[in-house]
Amino acid sequence: SLYVLRLEDKDGNTYKYETMPENVELVTKWVAVPDDVTLNSDGKVLSDWVNGTDGDGKLRSTNFRRLEDIHEDPNNPGTFYVATTGRKDKNGTQQEAAATPEEADNPYGKLHRIILNPNDPTGDGKFEFLLEGGPKTGISFDNIVVDSNGNILIQEDETGFGGDVLKEQQRQNSIHSYN
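With our numbering as the guide, the letters of the sequence shown map in order to residues 99 to 277.
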């Protein structure tokens, strides 16, 4: 079976994009995709279903901007860290370019944590947006790894507005540690 991730706040409000507040625990909802949609040879059928709403008008999924990497915490099975690298898309669009980082919904990348339900991985779990990239926190998060001490090592990239930051700071890509 195929599932898509939908994020909800404690009141049941859903997030269409990764525009959730930082350091606020959200609920993961894993929405099963019907087999006839999953197995359809026309990819648009799946895309339309995933980006649509259910019978109650609720979004079926939360869309992320350029998922780059995922890594399970070796000390906490079922806890995963996810990096998005960011894009120059204007907030709420997928085709319109933002002129400045402030106009973009994810200009420098983000780090998230997903904690699966230990009794049922497809049941309600926990989600948290941990770190927003930027000139002081690292840019364009790319590859990540969680070490045996629980530190998350994040490799920068030059995508989105990241290249502008590297040029302004006169430096190359770096690896940052987050814990």
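We treat Cβ as the ideally placed atom computed from N, Cα and C, and that holds for glycine.
| Check | Outcome |
| --- | --- |
| Endpoints, the alpha helix (DSSP H) within which L214 is located | L214 -> no alpha helix (DSSP H), and no H or E assigned at all. |
| Under the three-state DSSP convention, the category L137 falls into | coil |
| Nearest-angstrom Cα separation, counted from V244 out to G176 | 13 Å |
| 8 Å contact criterion, which I242 and D167 should meet: CB distance rounded | 5 Å |
| Paired residues, beta bridge with Q253 - DSSP | I273 |
| Reference R269; option with closest CA among N277, L144, G260 | G260 |
| Coil, strand or helix - K188 by DSSP | strand |
| Per-residue burial, D187 [other beta carbons within 10 Å of its own, 16 or more giving buried] | buried |
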